[in-house]
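Asker: Protein chains in written order, with this note's numbering: chain A, 5 to 297; chain B, 381 to 541.
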């Protein structure tokens with residue numbers, strides 16, 4: 005047996021899970037296990053208690069209310085990928101999920117687990133950054149809502165307290181007819197991306213950009229919004245030249261360097277992938293811009 | 381609570397065991413039940429050799445604890461066809477040189493069984509995308525892709541083997 009010994013807990017209710025997390029020392033949450041269990045198999049992670057949220061019904065479900073798509077934290081990535089509601093209201097999520105791991109890992113992996121794990125190259129945190137998602141954190145003290153930009157806290161870190169769990173994610177629904185795009189570069193389909201770009205564009209009369217969001221993953225310690233790009237887009241008539249100018253703003257990012265890619269290469273990817281993601285978003289918003297390669 | 385009573389139905393047969401929490405489903409299948417058809421390559425979720433169906437969905441059995449499968453139905457490569465017989469997909473693997481050393485084959489078969497169940501008419505691209513989660517170091521994948529497309533055709537024709 006590879007992992008170190010631990011006690012296993014399988015709560016059925018949210019309250020029961022919160023009580024366990026408040027009471028048990030050195031406990032960790034088991035969501036889909038697709039990142040945690042490898043780390044346990046390597047004994048990078050050794051816990052005394054594992055609290056499996058797989059049986060907590062309160063943490064599942066998809067609902068639309070008050071202009072938000074609410075997703076339960078324990079929703080499996082595969083179920084979100086196949087959800088008609090997600091495809092209709094937040095199609096960027098569906099698009100990005102095609103790049104998340106493989107079907108075998110999406111069958112188990114959850115959205116809450118991906119956000120809590122906070123891998124800088126992961127797709128779903130970048131999507132949450134693009135949407136300005138609100139993350140609901142539950143504990144015995146109740147539930148607190150944290151905007152995504154305050155949820156991340158550096159490399160593979162979040163503001164989650166040891167006794168807190170993600171309960172749900174709220175994604176603001178953009179106007180019907182908006183466009184979305186997601187592109188990433190990975191060495192093998194399903195691998196973690198060297199860099200990725202998520203884009204949302206809402207376009208009004210005369211192709212004027214009403215609302216724009218561009219988020220990158222893989223280039224910094226956590227997903228980042230390219231506000232300079234958004235500022236160049238909003239209020240301007242959308243065409244290929246504007247997209248090129250906005251994507252060039254991704255040059256401003258200060259990328260990480262590691263064994264997989266140098267910073268300069270990531271900066272190049274950030275611009276190219278931003279251009280592709282924005283182009284897809286523009287075309288889906290009904291603006292006839294040429295496809296870029 | 382480091383040991384848990386666990387009930388799992390594997391290939392249609394119910395099993396009840398008291399297992400250590402840290403026992404992976406893969407080790408449970410191989411060591412507790414003697415179902416050694418499920419192979420373990422990397423044991424950290426990359427190679428896909430250990431893929432099984434849990435409640436009908438492909439799962440890496442090295443990334444799941446046996447206790448998490450409590451109450452579930454598991455299908456392993458041994459459960460794809462009755463003893464002494466081959467499924468249409470298994471026969472297609474033989475006919476199309478879909479295996480050489482055979483180490484990755486159980487995971488390949490399980491992954492493609494799910495694909496053909498959900499997508500009876502897959503394109504080559506869909507087959508290749510399904511296989512991204514399974515590594516093969518012998519075949520170069522061409523024979524595996526051909527086997528999957530051949531099996532899909534045979535299943536649609538209802539010609540069995």
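Every residue gets a Cβ at the ideal spot worked out from N, C-alpha and C, and that includes glycine.
Do you know offhand how far residue 473 of chain B's Cα is from residue 435 of chain B's?
Answerer: Those two C-alpha atoms are separated by around 25 Å.
Asker: Would DSSP call residue 283 of chain A helix, strand or coil?
Answerer: The answer is helix: DSSP assigns residue 283 of chain A an H, G or I state.
Asker: Starting from residue 27 of chain A, follow the alpha helix (DSSP H) in both directions and report where the run begins and ends.
Answerer: Counting along the chain, the alpha helix (DSSP H) containing residue 27 of chain A begins and ends at 18-27.
Asker: At a cut of 8 Å, does the region 390-404 of chain B reach the region 220-229 of chain A through at least three beta carbon pairs?
Answerer: Contact between the region 390-404 of chain B and the region 220-229 of chain A is absent, because fewer than three Cβ pairs lie under 8 Å.
Asker: Taking the C-alpha atoms as reference points, what is the distance between residue 21 of chain A and residue 143 of chain A?
Answerer: When rounded, the distance between both Cα atoms is 8 Å.
Asker: Go through its chain and collect everything with a Cβ distance to residue 304 of chain A's Cβ below 6 Å, but skip five positions before and after it.
Answerer: Outside the shown range of chain A, which is 5 to 297, sits residue 304 of chain A, and nothing can be said about it.
Asker: Can you check the region 91-165 of chain A for any beta strand (DSSP E) of at least 3 residues that lies completely inside it and give the ranges in chain order?
Answerer: Those beta strand (DSSP E) runs which fall completely within the region 91-165 of chain A and span 3+ residues are 138-143 and 146-151.
Asker: Do you know how far the Cα of residue 470 of chain B is from the Cα of residue 133 of chain A?
Answerer: C-alpha separation (whole angstroms): 45 Å.
Asker: What are the residues in the region 423-446 of chain B lying within 9 Å of chain A by C-beta distance?
Answerer: Residues passing the 9 Å Cβ filter: 423, 424, 425, 426, 428, 431, 434, 437, 438, 439, 440, 442, 443, 444 and 445.
Asker: Can a CB atom of chain B be found closer than 7 Å to the CB of residue 193 of chain A?
Answerer: So, interface residue.
Asker: Between the alpha carbons of residue 439 of chain B and residue 453 of chain B, how many angstroms are there, rounded?
Answerer: The alpha-carbon atoms of residue 439 of chain B and residue 453 of chain B are separated by roughly 12 Å.
Asker: For residue 369 of chain B, which residues in the same chain have their Cβ closer than 8 Å to its Cβ, ignoring the five residues on either side in sequence?
Answerer: Since the first residue of chain B shown is 381 and the last is 541, residue 369 of chain B is not available in this structure.
Asker: Is the region 185-200 of chain A in contact with the region 246-253 of chain A, if contact means three or more CB pairs nearer than 8 Å?
Answerer: Not touching, per the Cβ criterion.
Asker: With a threshold of 8 Å on Cβ separation, who are the neighbours of residue 24 of chain A within its own chain once the five nearest residues in sequence on each side are excluded?
Answerer: 13, 15, 31, 53 and 55, listed in sequence order.
Asker: Rounded to a whole number of angstroms, what is the C-alpha to C-alpha distance between residue 458 of chain B and residue 154 of chain A?
Answerer: Cα to Cα, the separation comes out at about 49 Å.
Asker: Would DSSP call residue 474 of chain B helix, strand or coil?
Answerer: Residue 474 of chain B falls in the helix class under three-state DSSP.
Asker: According to DSSP, is residue 12 of chain A part of a helix, a strand, or is it coil?
Answerer: Strand, per DSSP.
Asker: Can you give me the Cβ contacts of residue 211 of chain A inside the same chain, cut-off strictly under 6 Å, excluding the 5 residues immediately before and after it?
Answerer: If we look at residue 211 of chain A and ignore the five residues flanking it on each side, its Cβ neighbours are 241, 242 and 291.
Asker: Just to confirm before moving on: does the CB-CB distance between residue 429 of chain B and residue 421 of chain B stay below 7 Å?
Answerer: Yes. Within cutoff.
Asker: Along chain B, in chain order, which residues have C-beta atoms closer than 9 Å to that of residue 41 of chain A?
Answerer: Simply 404, 424, 425, 440, 442, 443, 444 and 445.
Asker: Which residues in the same chain as residue 477 of chain B place their Cβ atom closer than 6 Å to its Cβ, once the five residues preceding and following it in sequence are excluded?
Answerer: Excluding sequence neighbours, residue 477 of chain B sits near 523.
Asker: Nearest by alpha-carbon distance to residue 209 of chain A: which of A:201, A:174 and A:289 is it?
Answerer: If we check each option's Cα against that of residue 209 of chain A, A:289 comes out closest.
Asker: Please state whether the Cβ-Cβ distance between residue 162 of chain A and residue 125 of chain A is less than 7 Å.
Answerer: Going by C-beta atoms, residue 162 of chain A is not nearer than 7 Å to residue 125 of chain A.
Asker: If the cut-off is 9 Å on Cβ atoms, which residues from the region 512-534 of chain B count as contacting chain A, listed in chain order?
Answerer: Per Cβ criterion, the list reads 512, 513 and 514.
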